Structure formats: C-alpha cells, structure tokens
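There are 4 protein chains.
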Amino acid sequence: MYKAGIAGATGYTGFELVQLIQRSEVHAAPWDYPLISLQEGMARAGEVDVVFLCLPHAASIEPVRAFQATGVRVVDLSADFRLADPAAYQRWYGVAHTAPDLLPQFVYGLCEINRAQIKGARLIANPGCYPTSVNLGLYPLAKAGWLSDQVIVDSKSGVSGAGRQTKLQYSFVEANENLTPYNVGVRHRHIAEMEQVLNRVNGQHTYRFIFSPHLLPVNRGILSTIYISVPQGVTEQMIRDLYAETYAGEPFIHLLPAGQIASLRHTAYTNRCAISITPADPAQPDGPDYIIVATLDNLIKGASGQAIQNFNLSVGIDETLGLL
Amino acid sequence: MYKAGIAGATGYTGFELVQLIQRSEVHAAPWDYPLISLQEGMARAGEVDVVFLCLPHAASIEPVRAFQATGVRVVDLSADFRLADPAAYQRWYGVAHTAPDLLPQFVYGLCEINRAQIKGARLIANPGCYPTSVNLGLYPLAKAGWLSDQVIVDSKSGVSGAGRQTKLQYSFVEANENLTPYNVGVRHRHIAEMEQVLNRVNGQHTYRFIFSPHLLPVNRGILSTIYISVPQGVTEQMIRDLYAETYAGEPFIHLLPAGQIASLRHTAYTNRCAISITPADPAQPDGPDYIIVATLDNLIKGASGQAIQNFNLSVGIDETLGLL
Amino acid sequence: MYKAGIAGATGYTGFELVQLIQRSEVHAAPWDYPLISLQEGMARAGEVDVVFLCLPHAASIEPVRAFQATGVRVVDLSADFRLADPAAYQRWYGVAHTAPDLLPQFVYGLCEINRAQIKGARLIANPGCYPTSVNLGLYPLAKAGWLSDQVIVDSKSGVSGAGRQTKLQYSFVEANENLTPYNVGVRHRHIAEMEQVLNRVNGQHTYRFIFSPHLLPVNRGILSTIYISVPQGVTEQMIRDLYAETYAGEPFIHLLPAGQIASLRHTAYTNRCAISITPADPAQPDGPDYIIVATLDNLIKGASGQAIQNFNLSVGIDETLGLL
Amino acid sequence: MYKAGIAGATGYTGFELVQLIQRSEVHAAPWDYPLISLQEGMARAGEVDVVFLCLPHAASIEPVRAFQATGVRVVDLSADFRLADPAAYQRWYGVAHTAPDLLPQFVYGLCEINRAQIKGARLIANPGCYPTSVNLGLYPLAKAGWLSDQVIVDSKSGVSGAGRQTKLQYSFVEANENLTPYNVGVRHRHIAEMEQVLNRVNGQHTYRFIFSPHLLPVNRGILSTIYISVPQGVTEQMIRDLYAETYAGEPFIHLLPAGQIASLRHTAYTNRCAISITPADPAQPDGPDYIIVATLDNLIKGASGQAIQNFNLSVGIDETLGLL
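Chains as they are written, first to last, in this note's numbering: chain F, 1 to 324; chain Z, 1 to 324; chain U, 1 to 324; chain P, 1 to 324.
The following block contains the structure:
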C-alpha cells in the first residue's frame, strides 16, 4: 500500500487521476490520496511515496526542485521536464528553463518505449497526449528504419485536452457542432516530443513532421491519422508483423486486424492506445503509402493513466494495477 | 416565378431543399414546390419548370430518362450522372450504367468551375459534398499547374452526410462522443469526382488522391484538411493572389486571410465554401508544403443549395436568389 | 426599405438578428444594418428607422433614454423595460430602475397577445425567451379562465440562452453529456414576466408558478413542459378548440394535433412556437390534469425573430417579413 | 472467486456489465464471464454461480424458467419479473405472463429498499432505470407518510436508455441538438414499478404519478425532477434529517447539501444515485412544495451496476465490490 500526494487535483487531469487512484485504493491497490496543497505537500513529502504534479506548464519547475530535494518520487504531468534539451524548452515554450540541472535526472515516461529506464526512476516526466498517440503509432516503423522522412499527422482532440479553462473558444456554443483546426502551420510544442522520441529510436534521424491539430466536439479522446510511406519491398504483412512483434505482450496496445480502423470508441475511458494500419491506396496494397490511425483517451493514456503506469513501473509492481 | 417538382423530399437533402425553396417563394423568389411523387411528377412534368431529384444513387437513372423525354429541366442530386464515363460509373459504383446515352447531355454542376456550361443547361448533375470541398479547395492550384501530383485529403463529415437512415453506426450512442475513420484505404467513390474535375482543369493530368473520410459527431458540415506541395519559387503570396484572382466576385467563396483557418462554423447553414491557405511549416514560410482547409455545409453547398444555384444559373436569373 | 441600427451585435442574439436582417435586405426586405456603436448610433439616430438594443440587462436604460429623446423607434431586447412596475424591477433585478418615467411608454412585445398595442408603438420591450414559451403555452387557458392556480413549469434551455460568455459552467466539457437544473427554488426573474402577462389576461388573478430551468446540452432551443389542471367539465376537445380559435391565423403558432408532442426540432431555426396538449393521465382523458409542451428557438422567437416581428408590426408592414 | 454467465452481452447494458465484471476480476473480485450463448448457458449452468440475463422484455421468461430449474442464481435485467402481479404485467406490457408461478419467488432488487430480502435470494428482478431514480428519490418521504398523493415526475434520459437499436428517432441526426418528450400522457410501464414500491412502503397507499419522460441528447444518465408537497408543519430541515437518517451508511446514495442541485455529472460512470431537496418557492422556505431531483447513470445504477450490487448482496459479500 503506497501513499500519493497530488498537486493540482482540480483540473481535468488531476480529477481523473484521483478517480483512478480511488478505484485502486478500494481494490487494495497501492494508492492513497490526501489532497494536499503544494505547500502542505512539500512539508509532508516524507509521508508519501510519490507526488503527482498536475500543474500548468512552467508552474512545475520550482515544485519539482523542492520535492526532488526531499527525495520523494515525482511524476510530473506538465511539459516542464519532457524535453531533455533546455534550449529546446526555451525555443518551444518561449521561456528559459530555470532548472536545467534537473533535466538529466528525468526519465521521459513513455512506458512502452522507455520501460527499462522507468524502472527504479525517481523523477519521471509524463508525456503529452498528442505525442503519445503519434510516438506509439510510429515507434515500430522508426525502430525498423522504415519510416519516411516526411510524416503528416492530422490529429483531432476532445475539448478536455485544453484543460479546465474558460476561454470563449472552449465554451459549449462555440465548440459544439463545430470542428476547428488550430495551430495549423505553427510549430506546435508537441512536435518537439515527437522529434525527441522518434529521431533517436534508430541511430540519429531527422523526421519532418507536418502536424495539424483539430478541436473536436467530444469531451475526451485523441485520434491521429498519420500519413507515411515505407521503403520499396516492405509489404503490409511485414509491417503488421513488425507491429505485432514490437508490441507483443504490451497490456495497453491494441493492434487492430486488417480491415478495421481505430476510432475514439476503441479507447475511451481506458489506458489503451489502439493502432490500425491500412494501405493508403488499395490499388497499391503493398504500399509505399500507409495510413496509421492511433487513438487514446487523452485524460488516461494521454495523462493520468500513463502517470499511474509510470509509478507502477518505477516501484516495480504490476504495471497494470488500477488501470484495467 | 418558377415552379419546381421535388422527388425524394423526405430525406435530409430533400427536406433542406424544400426549406430553401420555401424561403425563396416567400420572398418572391422563383420557386414553388408541389411535393409530388415521382409518378405524379412525370405525369405533371409539363406544369413545372424544373424537377429536383433527391433520390438514392442508382434510383435516379430511370426517372431521369422519363423526365428528360418530357423536356423539363432536371437537377439530379444523386451520383448517377456525375461521371461522364460510364465505365468509371461501373468501376466505382459496381453496376452498369443503364442510360449511358444520356451522360453526354449532362453538365457537372460545380458552379464556380463550370458556370459557362451550366448557363442554359437542361440536365445538371449536382456534385457530391466531399468532392465539392476538395475541388473548390484545389481548383486554383490545378488551373495554375502548381498542384503536386500527390494530394492527401483528410476529410471529416457530419452524420447527415450519410443520409436519413437507421444503420447502427449512425445511431446517437454509437456516433456521439466518437470519431470514426471509414473507407480508409478504400477507393472512395468521391475520388472519381475529384479526378474528373482536377485532372482536366489544365490540359490532362493524373493526380493521386489519398482520401480519408471521418464520421464526425455533428449534424452537418464537411471539413477537408488537404496536404499539398507547390513548385519551388511559388510563394505563399503568389498562392493567395492566385486564389483571390480565381475566385474574384464569387458570391459563395469565402477566402480567409493569412493566420485564420476555416472551421465548420464559417459555413454552417450557408451556401458558402470557406477556404484557408497555410504554410505547413512556419520554418519554411514559402513552402513547398501547404495545408488547404476547405469547409462547407454538406446539406447546402454540398447538396441542396448548390442545386438551387445550378437552377438559378441554368435559367439565367441571379445566381444567389434564395441562398443569402 | 427601412434602415436599422443594432447595438450589441457581437452576442449570440445580436449576431442572429444581423443574420435575419441580412436575409431580409438581400430579398428587398425592409432592413439595413450599419453596425454602429452605441455612441455613433446616438449621433446617427436620425438616419435609421429603428434601433435594436442587444445589450446586457441594466445596460439598456441609459441608451434607451438617449434614443427615445431622438424620437427613433426602439426595440429593446434586454429585460430593462419588460416589467411595467419599477418596484417589481427592483425586487427581481436587485437594482433601482433609473428611468421609471419611461416605463409607461413601453409596450411589452409579445406579438400574439399584445398585437394591437404593438401597432404604431415606438418603444417596445422584447420579451424573455422562457416567458415567451410559457405565456404562449398558457395564454388561451388563462384568457378562458380555465387555468389552475398552481402552474408547474419544467423548462429546458440550450446553452446559447446564457449569452456569449465564458463561465466554467458553460464550457464544453462541463455542459456536454450533462443536464443541470439551476436556479431551482429561486424566484427566477422570468417568473415576473409570466405573472405580468397571465395574471392580467382575464380580470385580475394570481397564479403560482413553480419554475425549474435546466441547462441542456444543445446550442439553441427552449422546451417547457407545463403541468396544469382545468375545471371539471372542461374536456380535451374544448381545450383544443380554445387553442385553435385563440391562435387562428397566427403565422408563428404551430399547434400539434392530438398524439403528437412538441420537441425542439419542431421550431429550431424558425420564429415559430410549437404547442402540444396532452391529458396527463390517459385513464382520465378529460382531465383535470394536462401537460402543455411549448417549444421555440430561444435566439429567434425567444429574441431576434420576435424583435423583427415587433418592428414589422410597429410600422404596419407584413408581420412575417424576413421571418419565413 | 465466483463465475458468472451473461446472456445478451452485446447490448449496452450487457456490455457495461461485462466491463464492470472485468474490472472486478482483475482486482480479484468475484467474477468471471464466459460469454456464453443462452443455449450453451443452460447446458453449462452448473459451472457458474450466477446468470445475468440482459435480454429484451418478454424474452427472459423462458430462459428464467430453464435456469431456475437448474438451481443457478439468476439476476434478470429485463422487466419480466419485476411486477409481482401477473395481471399488472399483462396490463402494462400487453401480453399474458407465461410463468406466473415463478413471480412469487422473485425479489425486486432495489438494494437500498429491499436489502433484507435480497440477502440469500436466488431469483432477483433488477429494477428499471426510471423507477430506480424515482423510488430512491421518494422512498424516505413515502416511508414517513409525508408524500403528497399526487407526484409529478419530469424525467430526462440519455439515448442508451432505449437500448442498442436502430430506430430513426434514435439516430444521431434526429436526437442530436434535440429534446423530445415521449410517451407523455401514456401510462408508461415504469409507473407500475413506482406504484409497486411506493404504494406499499407505509401501509397501503395509492399515489398518483404524472410521468413525462424526455429523450435527452447525451449517451447516458437519467435526471428526474420530481414535484411533490408535504403536510403542513414538515420543514425543510425535517425532510433533510429524514433523508440523512434513512440513507445513513448507504454507499451509493449521494445526498446533496442545501443549495446544490443534482445533475447528470454527479453520477455519470458511477453506481451512485444523487438526490437534492429544494423548496419549490423560496418565499415559502418550509413548504409545502418541494422539488426533489434524483440522478443516476442508467447503465450502471439503473442496470448493470445494480445487478452486481444485487449479486454481491445475495451471496453475502461486500455490496460495493467491483462498483467503486
């Protein structure tokens, strides 16, 4: 039985995290959640086994330094410690990183890819929701060296992805019965996480991401439709085998069989990422063009669920506890 | 004052058409709508100036032959007379066309592109909703010879696009809080209309369309996010100038200024098509990659509104009557 | 051809009003809309035939005084001049009315009930959306003296009823997939408009309204389910005859036949109010308990459409111009 | 560790039940779910501890007889064994009951009211979703003898309440952006369950229910707004105390404090029923009129969750297992 402190539990992500933990606790799973304030939290860091930080970007840096000093395990759900390179942080987030010394101590908590490093880690940066869908959707191809240089990602996200806020564009009347592309043609921050993960999977590589997020009139869920091409000679079956092998035994990866396409419904209210693979043109069933669709629940696999998965891994207990 | 007969007025498209006509009538616009059955309609074809056919695909062919024989003007909203080549019809729709002799008499009613032919036409094939968004979104580029060979179209459509039907996938609980890609990797029928229009705009060309439609949890609206590239030396400003010039004076084309992206809200309940142009990568503001977003209301500009626009054009009255 | 000034055109109501007018203008209907600011507006009051005020409650009083002094016709869509009694205004809105001298000059613009007074009126207070549904739903019964003392009104309103604002409760994630009763057990302001209209229809009466509004996850529309009883001997047929007679010739009242119940869909995007009458208990088909359901589009018949209807009436042109 | 068979697992209720059980199983809770067909199920009844029947109304009777003969425990989620009186079944469902001999052996599984009888029961009729909300909302008042003879229930239900079916009225385009009262003025079947429970709670009584269900554009959730009055001298505080005492220690009853009203959000995706109590008229804070709002998730507390709660109770394990 572990004890957890959560900072920022009033946002959508924090609320979801509390609910997941609550379920765990009741089932004798390893959590507790005294809903401590950050200040209290630092004072009481010794009483808990882990602190989950569900704070806005840039607001996590000083708390992380404080908690880290106490030795408590930290899972940070903000973007503040996701990018290993402080210059990249400054470039993408527009402010200098005030704790660059801590960056090397953080592990990027994309469980299916970094499982080995997460085991035993004390400082974990929980990945962003968009990059989790894209990185899990493309990881096998990048690892095999089959991923085309240019990757087009057309992503659609439910409104909770924007956090619990009151901007007019997120009001019911504006978002309902609408679909809004946004940040199109802007170097979206989440591209940095795609580059950081995929560029390094197989030696050093530089993929070029065209990334268009769209605001979707649903509460939760991300669906990324990804357009890629593979080298000549790589057949659909070879790709399917690659994904099956790469993700063999993964409890939260749901590979769809040929002919089925991933939808939001496949992963809503779960910690799963569903992935489908389809030749882009049936006249060319063995490529070179493919459409990868990856979906997940942005509040669970894209945030709180993966945070719990990270904690489970870091302390060496069953990775799926509280998540099935 | 004109009189119109409508066959198939109980579907979403027919209902919308009746409403648009009703509005026109009241404002002394040129319509009437005795909701005649098809059979009655043929008997009374002499009393009306135009027949609008809102019938399912394949169900229009014989009625068209019957009405055509009476000399009445016909606007067919089905797909039956959209493809000039009967072999293409058979390939995409899986049945032989039983009136290939009539195909050459039909004009493809994409008003902004075929206006000259529509004037005076007696047989008009009203375009499909997906192709209208894509063809209007790409027409200037194709005409200028600037369109890349490969075009990736990620389209999202409201549920009324499927017609008024009761399949489980279109039930509220299945479609709500969901997003479903469908026919991905299938040679969707609507690609034929894109090819027919764009391949011929500037000499003969063969574009390669990758087309992924998604079922969106809204009642109405289509948004196509289109990924293309242009030849070296073609700048964003040149593209903007091209679109502005091509669509100068068009009452139903809404070109968005730089920095704004088209959303469903721009065109809901209107006969407009909104188009935005954005460099795909701000690090490369002059290309070669661009994202064109085109939106329209699938029941109006994608069906009934364009049908009225076609009629207005064909009889030589103000193209916008009943549509503003 | 009339000219109109609109103050407050950026809210949902003002935007809808501009669209309705735009449609009218284009069809040679009697409107123009130089989107003047309030200040400009006062300076240019002489150029227009009418000023529509789409301002928040309490913000209309001073503008109304200013415009009234110029002699221009005013249709005020706020609540500021709806209540004839300044003491009632203070009681329900919590502030003293600063222009009580103007109140007697205003006509309460519920067209179907006050048509005679609206004709020729220069100052018109446009009714609230909830009271319009309830007053039109109950007017025939009150006029006949058949309405029970106690009236239970269970109303449901789309989110645009709250105006264009950014409170958290109106954000997409909070309102979507939810239904929220609010102001239950509070003397909702709109009760005052029900009392003002219905208490005076037939001599003097004091009805007791229990009113529960609910926030509904749709953009627009109000549905009021009203529970009443009638005196012994009053049969369903007598009630139906009463409604048919009372509303005979009304262009915007849609009485549903026995067995059909009004829904939001009956009136969405129209200026109509749909009304259904049903015995509450089929075991007692002639009462005494009935359920009246009244629906309307809160932005049209509940605001902008009725404002235009009021203007049309006031200047003596066809009441339905721009509204069909 | 118990084993369960589920018949009818492809509907919304059955699917939800499988998900709840799955969660239980993984957390070492007492369930298994070989998704057996009904026929298989009867053959293998000896292998399981309980059979959950998620079949349409009228389709449960013969399976129940078959399973009952094997001695296996049965929780029937249909309406077939909810009404103790076969004549009532015939009156409300229009067909003769073909197993009236079994009716006396069934316990009506409304856990908070019939807990004593459920313990050890082998045949349990799981209550309907509407009656569960109304009966839990009114039980304390009826027990205290404070409930008025006439009860007005204005209920709103998400579309999954209609089951997984394809009727046009439940299609996305028809239900979305709409609100539809239905069966108004019809003696809705669910009234029978309200009468059966509440009429007997305190001696014999005959309440008169006016019940108006509305189809709400959300996937799941029921909200019942209930209008009642209490005897003179009964104050709000007395009512609050009554509810608090009646439901003391109930794990799934969420009583809201004064000033808060129950909404769908309070109970979505939980096995809880939320109840709020509000004076209908603040000018009369101690009555006699009150508005009780009761909400629940129709697929969980209104169906599958309560089915599990019933099973837990019947075998004597912790009532909340698998439900928190």
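A virtual CB, placed ideally from N, CA and C, is assigned to each residue, including glycine.
Owing to the predicted nature of the structure, the values given are computational and were not obtained by experimental measurement.
Contact between the stretch 190-200 of chain Z and the stretch 259-267 of chain Z is absent: fewer than 3 CB-CB pairs across the two stretches fall below 8 Å.
For the stretch 275-300 of chain U, the set of positions with a beta-carbon nearer than 7 Å to some beta-carbon of chain P reads T278, P279, A280, D281, P282, A283, D289, I291, V293 in chain order.
The shortest C-alpha to C-alpha distance from G163 (chain F) to any of F:L324, F:T10, F:I6 is the one to F:T10.
Taking a C-beta cut-off of 9 Å against chain Z, the contacting residues of the stretch 167-189 of chain P are K167, L168, Y170, S171, F172, V173, E174, A175, N176, E177, listed in chain order.
Under the three-pair Cβ rule at 8 Å, the stretch 272-289 of chain U does not count as touching the stretch 164-183 of chain U. Its chain contains V107, G109, C111, I124, N310, L313, S314 as the residues whose beta carbon lies nearer than 8 Å to that of I118 (chain U), once the 5 sequence neighbours on both sides are disregarded; these appear in chain order. A7 (chain Z) and A69 (chain Z) have their C-alpha atoms some 17 Å from each other. By the Cβ-count criterion, L198 (chain F) is buried, with 16 or more other Cβ atoms from all chains shown falling within 10 Å of its own Cβ.
Contact of L323 (chain P) with chain U is not assigned, every C-beta pair being separated by 7 Å or more. Contact between L299 (chain F) and E16 (chain F) holds, since their C-beta atoms are separated by about 4 Å, short of 8 Å.
Between the stretch 92-102 of chain P and the stretch 56-64 of chain P there are three or more C-beta pairs closer than 8 Å, enough to call the two in contact.
For a Cβ distance threshold of 9 Å, residue set E177, N178 of chain U lies close to A268 (chain P), ordered along the chain.
Residue range 253-255 is occupied by the beta strand (DSSP E) that includes L255 (chain U), with no alpha helix (DSSP H) assigned at that position. For V234 (chain F), there are no C-beta contacts with chain Z under 7 Å, since the nearest C-beta of that chain is about 16 Å from it. Going by beta carbons, Y243 (chain Z) and H190 (chain Z) fall outside the 7 Å limit. Within the stretch 264-312 of chain Z, complete beta strand (DSSP E) segments of at least 3 residues are found at 273-279, 289-296, given in chain order.
L136 (chain U) places its beta carbon 7 Å or farther from that of Y182 (chain U).
Listed along the chain, the chain Z residues whose CB falls inside 7 Å of the CB of S212 (chain F) are T225, I291. CA-to-CA, the gap between H266 (chain U) and L296 (chain U) works out to about 8 Å. Bridge partners of R65 (chain Z) according to DSSP: none are assigned. Cβ contact annotation for V50 (chain F) (same chain, cutoff 6 Å, sequence separation greater than five): A4, R73, F311, in chain order. Approximately 6 Å separates the beta-carbon atoms of P285 (chain Z) and E236 (chain Z); this is inside 8 Å, confirming the contact. Contact between L141 (chain P) and Y207 (chain P) does not hold, since the beta-carbon distance rounds to 10 Å and is not under 8 Å. Within the stretch 147-166 of chain P, those residues whose Cβ lies closer than 9 Å to any Cβ of chain Z are, in chain order, G158, V159, S160, A162, R164, Q165, T166.
Pairing L223 (chain F) with K156 (chain F) gives a Cβ-Cβ distance under 7 Å. In the DSSP annotation of this structure, the continuous segment of the beta strand (DSSP E) that includes R208 (chain Z) starts and ends at 208-215.
With a threshold of 16 other beta carbon atoms within 10 Å, E319 (chain U) meets it and is buried. DSSP places Y2 (chain P) in the coil class of the three-state scheme, outside both helix and strand. The criterion of a C-beta distance shorter than 7 Å is satisfied by S229 (chain Z) and D289 (chain Z). Nearest CB-CB separation between N219 (chain P) and chain Z: below the 7 Å threshold. Rounded to whole angstroms, I21 (chain P) and N271 (chain P) show a C-alpha spacing of 13 Å. Using a Cβ-Cβ cut-off of 7 Å, L83 (chain Z) does not count as an interface residue toward chain F, since no Cβ of chain F sits closer than that to its own. In the three-state reduction of the DSSP assignment, Q150 (chain F) falls in the strand class. Looking from the CA of H97 (chain U), the closest CA among U:G128, U:A79, U:Q232 belongs to U:A79. When the alpha-carbon of G161 (chain P) is set against those of P:N219, P:C273, P:Y269, the nearest one is in P:N219. In the structure shown, the three-state DSSP call for V50 (chain P) is strand.
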